[in-house]
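Residue numbers (my numbering), protein chains in the order written: chain C, 25 to 387; chain D, 25 to 387; chain G, 25 to 387; chain R, 25 to 387. Below is one structure, written out as structure tokens; the observations come after it.
Number of protein chains: 4
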Amino acid sequence: MLRAMGDTFGHLFRITTFGESHGKGVGVIVDGCPPNLKLSEKDIQPELDRRRPGQSKIVTPRKEADRVEILSGTFEGRTLGTPIAMVVHNRDQRSEAYTEMATKFRPSHADYTYQEKYGIRAWPGGGRTSARETIGRVAAGAIAKKILRERFKVEILSYVQQVQKISAKVDPNKVTMKQIESNIVRCPDEAVAKRMIRLIEKVRKEGNSVGGIVGGVARRVPTGWGDPVFDRLEADLGKAMLSLPASKGFEIGSGFDGVSLTGLEHNDPFRATKGKVRTTSNRSGGVQGGISNGETIYFRVAFKPTATVLREQDTVDIDHKNTKLKARGRHDPCVLPRAVPMVEAMTALVLVDHALRQRAQCG
Amino acid sequence: MLRAMGDTFGHLFRITTFGESHGKGVGVIVDGCPPNLKLSEKDIQPELDRRRPGQSKIVTPRKEADRVEILSGTFEGRTLGTPIAMVVHNRDQRSEAYTEMATKFRPSHADYTYQEKYGIRAWPGGGRTSARETIGRVAAGAIAKKILRERFKVEILSYVQQVQKISAKVDPNKVTMKQIESNIVRCPDEAVAKRMIRLIEKVRKEGNSVGGIVGGVARRVPTGWGDPVFDRLEADLGKAMLSLPASKGFEIGSGFDGVSLTGLEHNDPFRATKGKVRTTSNRSGGVQGGISNGETIYFRVAFKPTATVLREQDTVDIDHKNTKLKARGRHDPCVLPRAVPMVEAMTALVLVDHALRQRAQCG
Amino acid sequence: MLRAMGDTFGHLFRITTFGESHGKGVGVIVDGCPPNLKLSEKDIQPELDRRRPGQSKIVTPRKEADRVEILSGTFEGRTLGTPIAMVVHNRDQRSEAYTEMATKFRPSHADYTYQEKYGIRAWPGGGRTSARETIGRVAAGAIAKKILRERFKVEILSYVQQVQKISAKVDPNKVTMKQIESNIVRCPDEAVAKRMIRLIEKVRKEGNSVGGIVGGVARRVPTGWGDPVFDRLEADLGKAMLSLPASKGFEIGSGFDGVSLTGLEHNDPFRATKGKVRTTSNRSGGVQGGISNGETIYFRVAFKPTATVLREQDTVDIDHKNTKLKARGRHDPCVLPRAVPMVEAMTALVLVDHALRQRAQCG
Amino acid sequence: MLRAMGDTFGHLFRITTFGESHGKGVGVIVDGCPPNLKLSEKDIQPELDRRRPGQSKIVTPRKEADRVEILSGTFEGRTLGTPIAMVVHNRDQRSEAYTEMATKFRPSHADYTYQEKYGIRAWPGGGRTSARETIGRVAAGAIAKKILRERFKVEILSYVQQVQKISAKVDPNKVTMKQIESNIVRCPDEAVAKRMIRLIEKVRKEGNSVGGIVGGVARRVPTGWGDPVFDRLEADLGKAMLSLPASKGFEIGSGFDGVSLTGLEHNDPFRATKGKVRTTSNRSGGVQGGISNGETIYFRVAFKPTATVLREQDTVDIDHKNTKLKARGRHDPCVLPRAVPMVEAMTALVLVDHALRQRAQCG
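So, in structure tokens, the structure goes:
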């Protein structure tokens, strides 16, 4: 969104991620962070722990501790207003599990397109196409969330709303972080969560995988964030979410279901109470004309089933010959529990950027 | 997407739109266009005619001719490689029809958020929030489409796939421009189109409105376009579509429905024939890892029902007092037929930018 | 500077210029302007009048009125926060005076490099390489100057300091707009100005040309503007000035002469009076570490002698054959009087951008 | 230049530097590098060795080995087309030498402006304002130089042309790297170099400092690089050079001296030999209309005398009280020998970016 270019995202609060799986490390530079924010690794690590492999029985059992180190941009525990570089060194690298990947393209992965585009790729562990790239995003998002929370009172949450066909009803206005973190699948509805976990365990045993839908929420966003005409808040949120690995769709407010309503049914009437304007419904999803209207922002992101399955599949090799590939090693049968902190991070990055932009133009 | 900032979109092929409804005019500057492309108003006007009001009985009857004038960037009928400025002067401006809008906010429009953000707004006709802003996009998109067609053999199409609950089945690999343009609703399925037209006429008489889904297609995109990690092709397409007025959702390939499949069912196997690699299914939607894989790119965009309805609604005024508003004047009971050229334009703008970027980094 | 790309300049206050000499018109879009600023053509036209041809006997006698029209971005005399498009239609176009230019490259002009780069060029009047392009800059700069003056109390001035070897001593802290505008060469030293005018009239009669040095000043810039490490204020000012036609050098504060001093001689000691910190000298030119320090910012820009001379010169034609060219028509024997408003405009554009950036990050 | 924003420089070949002196490390991410370029630390380290402290008796005796580590972006010794992160860990950190700096602002340094802008600064060693920041630039520049050399046959050189009042005559068309590296001051004129070295040793003993002028050269740049109107090659080079610490001026080709010539004297006549167009003089400095014309590009950069002098000076403290400061510790009596690799790096970064841009738009 904003001023993305390849590996950079954001216009005033800019992040640039780097790193390949099985390279020396992954990380991010955050530029444009306001000065004098209290910040240390303790603010970052908990978010990375929510993202990391091996955190529960339903995610990949890879044992990556993912310890973050802040290399620059802080002094005596506060941000300087200069670039904040953060790095996580790679540890658990069993390249041997992937040797077939050197010559065979995994179906519905990025192996083929990277090889064709660049004429080279770091095949161990998927290299740059690995979800390890999102470590940098989550680390940067932790800073963005902190700024939003401390300086703007904005709260960012996300949760698993659907795994394959098992769906939960979640009220974006009421869901809490405690509910979300109360179970390993990160679905705030405890009963539904249990069914989701059972499903994921089942498909894992089958060497198969499932996808689902993550819900995202931003509460108490003040009226006025978003920058028409191209940097509408929903456009930037959509870009942010669709830049996450495995995402295939984004909808805000009434989304795709809203098309079955008429205008009269869909419109959100305004009502004022003591001069405070609210809408009596929120099919707009907190955004009108690309600008926040003070209501809760909520959206949904579709994630396809993990492309890595431990079953033999048709594919081609680097010489464009037909062949078969059966993935070995460890994999996520369902990315959704680990996608939750990524969705939060990207939401926060979009919003903090717009907070600063609003301050610049209209402050 | 790419390097958008407010009213600018694109990184190497950049457009900046300007203009308010009921101001002097609207338009666009296109910067970064390759030189020596044959170009005149005749290349632009037909696309604007597909977008303009008054083109059929199911769109707004406003009589805007929308004649485009190229002010710069060409010489003797060819592009110079310098900025191409295009302007459409506003003509049919009945501000009086809107006078209530000076003080009352239309529900689910951008009146309230613009007023709150900027402390001022051009209320006649919605000002900058009017769909007239998309004239600049469509004009720029006409150039982008021409470049893609002539220099890269890429074909861009879009069509109305669903109006409220009336849905058509469309094969993205086979649909033709002729089918799409054969009826005023721009749905390639003739029988379904008739039902859609009847529905739109009905809701218009009721002073109500409906939304729907537009499908978008790009065919013969070469392998290798798209710029991970943030400028994945689907992320840039999503941003582009979600920056269009009234859009609420975007999905590519299998999209939201894909979450009900398992990984084994969802993966697209690779097969090579005489060294040419294809996938035997295309749930990826032509994009893998954010990069085109040579298959047809297809996606869907949800448009909410038009917010303008000719019925009394609850709202507030500029002093934050509760009031009622009944829109008068002319309106689109369904934006979808006119959204088709906008979706094509935005698709073309994303793709031509990535074509140039691919040439820059990997050419 | 900042986020320039081809024809766009600025990061938060962005301008994009367009237009060729002898095309339909030239102009600019200003995006990112704060809302609610009083603005009409009356704020812009005086600056264009200072830039326009035919304003005095020492500039080109071309008769261009250069009337500006604001097409968008204002409503009832105030800015909307939306893009402000401004256009000046071209009038006095005697292409016939230039027909030799269709096939012959003028020495030290951009004819050859444009032709080689783009494979095409608008040769009448120099097309995009004409100084008419700066109309857009000066129009945008008028808005920037107004914002700086009204909202930040910052004053921008520039003046002719040297014409060929005739040089004036000017105190950047004291020079006034009235002094500058008191004569047609825009040199605040009246006696020196007279000598400059005589020299320019002499070289004009000879069909020759001269260059010189323009001084630029920004007073009352608050401490804290400038964005290390790449967007140092002097780097952005330098880029801005070196993007002007015919400029060959830029220096700030002590500049090139400063290299003959030792560190002890060159350093600016700090002194505080009632808690207010000042430097007792200002060899830094108002910028330290790329950030304004509250002192007067002053710099100098070298402009080469106009390349157009009415004398026969060796050159080559479009087929790379040796030939001779003698320019006819009207020309500026010295660009400096008209460069003054351009330097002011570019200074203002840099500073207003940094004012907004400072507000965004540290506000 | 191009699309700089704070700590990012470049549009298609983008670098983002990070790091404070006395923090954990400094470094850079390079994004947009073409794939399949052979690259290892061995390509980078020699350039850092030319930049590092302690390399000779005339630079600061600080003992920093400045070993670079490539963290990402390469695989089996070749670039991947993904971000290349490089880090140099800080070692020799004697903060105690600087403790007075915690509360007192060094005259003509950035201590005061950073403190005022950000409300905080990393005072040990100057933090982000230290020349250690340029390590990232030089590392990135090494890659840019390699691309220019191997893929475009372009050669980049720079050298010390003047130290205080001791000046060398250097022919930009003939100077060689061997001449430049033949002595510790990096002046290609051996006799003049000796005088410069003696001067620097003398001022060092006096606890004083001197500045000077660095010349820069780019040879065999093809016709057509540079992107009008704002990203003229000289504008981007000027921005690049003026973003270097201690630089106060930039001039290209005839520069400031050119203003004493008339147009007839200054113009570069074109002559063709066997269809190859050259100019018979090169006062343009290889750039016309902002675009390279195939001649040698040459320019000069003024660097002020080092602000750190080992003598007592008037200054103020963090509470804005008048005080005295006498720097202790180690310092560079003259930055110029170490500025040479920085100037080369920035030149290469500008040119490689324009090479890619030219390929994108006109390739």
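In this text, a Cβ means the ideal position worked out from N, Cα and C, and glycines have one as well. These figures come from a predicted structure and were not determined experimentally.
How long is the line joining the alpha carbons of S308(R) and V112(R), rounded to whole angstroms?
39 Å
Do P59(G) and G143(D) have their CB atoms nearer than 8 Å?
yes
Whole angstroms are fine: how far does the CA of P70(C) sit from the CA of L42(C)?
Correcting the residue type first, residue 42(C) is Phe in the shown sequence and not Leu. Going by the C-alpha atoms only, they are around 21 Å apart.
Could you tell me whether the Cβ atoms of R244(D) and K177(D) are closer together than 8 Å?
yes
Given this structure, state the Cα-to-Cα distance separating T200(G) from D73(R), to the nearest angstrom.
50 Å
Taking only beta-carbon positions, decide if K328(G) is within less than 8 Å of chain D.
no
Opposite V187(R) in the DSSP bridges: which residues?
In the DSSP output, where bridge partners are listed per residue, V187(R) has I190(R) and G236(R).
Just mark E336(G) as buried or exposed, buried being the case when its beta carbon has 16 or more other beta carbons within 10 Å.
Around the C-beta of E336(G), fewer than 16 other C-beta atoms lie within 10 Å, and the residue is accordingly described as exposed.
Kindly list, in the order they appear in chain G, the residues whose Cβ is closer than 7 Å to that of P59(D).
The answer, in chain order, is Y142, G143 and I144.
Within a Cβ cutoff of 6 Å, which residues of the same chain sit near S271(D), ignoring the five residues on either side of it in sequence?
Excluding residues within five positions, the ones whose Cβ falls inside 6 Å are M265, V325 and F327.
When burial is assigned at 16 or more other CB atoms within 10 Å of the CB, is A126(D) buried or exposed?
exposed
Take A259(R) as the anchor and find which of D292(G), S80(G), D67(G) and P269(G) has the nearest alpha-carbon.
P269(G)
Since V253(G) and E157(R) are thought to touch, with beta carbons under 8 Å apart, how far apart are those beta carbons, to the nearest angstrom?
6 Å
List, in order along the chain, the chain D residues whose C-beta lies closer than 7 Å to that of R383(R)?
R383, A384 and G387
With a CB to CB cut of under 8 Å and the five nearest residues on each side skipped, what residues in its chain are close to V238(R)?
S182, Y183, V184, Q185, R324, V325, F327, L360, A363, V364 and V367
In this structure, how does DSSP classify G387(G) when only helix, strand and coil are distinguished?
coil
Just to make sure I have the definition right: I need the residues of chain R whose C-beta is within less than 7 Å of the C-beta of L189(G). Which are they?
Note on identity: in this sequence residue 189(G) is Lys, with Leu being the wrong assignment. Those within 7 Å of K189(G) in chain R are S284.
Determine the chain D residues that contact E258(C) at a beta-carbon separation under 7 Å, and present them in chain order.
L266
Taking the continuous beta strand (DSSP E) assigned at G273(C), which residues delimit it?
S271 to I276
Distance cutoff 8 Å, beta carbons only. Does M29(G) sit that close to anything in chain D?
yes
Determine the DSSP secondary structure at D377(R), reduced to helix, strand or coil.
helix
Helix, strand or coil: which one does DSSP assign to H397(G)?
Because chain G spans 25 through 387 in this model, residue 397(G) falls outside it and cannot be assessed.
Could you name the residues of chain R that V227(G) contacts, counting a contact when the two beta carbons are closer than 7 Å?
Those within 7 Å of V227(G) in chain R are T286.
Any heavy atom of the ligand MG within a distance shorter than 7 Å of the CB on L95(D)?
This structure does not include the ligand MG; it has no bound ligands of any sort.
Would you tell me roughly how many angstroms separate the C-alpha atoms of L349(C) and Q188(C), rounded to the nearest one?
25 Å
Leaving aside the five residues before and after D251(G) along the sequence, list all residues of the same chain whose C-beta is less than 7 Å from its C-beta, in chain order.
Correct list, in chain order: H378 and R381.
I'd like the span of the alpha helix (DSSP H) that includes L288(R), first residue to last.
Taken as a continuous stretch (DSSP letters only), the alpha helix (DSSP H) holding L288(R) covers G287 to H290.
At which residues does the beta strand (DSSP E) containing G43(C) begin and terminate?
R38 to G43
Would you mind stating whether P131(R) and T339(R) have Cβ atoms separated by less than 8 Å?
yes
Helix, strand or coil: which one does DSSP assign to L172(D)?
helix
Going straight from the alpha carbon of G282(C) to that of T106(C), what length do you get?
44 Å
Run through DSSP, which three-state label would S284(R) get?
helix
Can you give the Cα-Cα distance for T297(R) and T320(R), rounded to whole angstroms?
18 Å
How would you write the range of the alpha helix (DSSP H) that G262(R) sits in, first residue to last?
L257 to L266
I need the straight-line Cα distance from Q385(G) to I204(C), nearest angstrom please.
Near 33 Å, if we compare the C-alpha coordinates of I204(C) and Q385(G).
If you compare alpha carbons, which of Q79(R), A242(R), G313(R) and L63(R) is closest to E93(R)?
L63(R)
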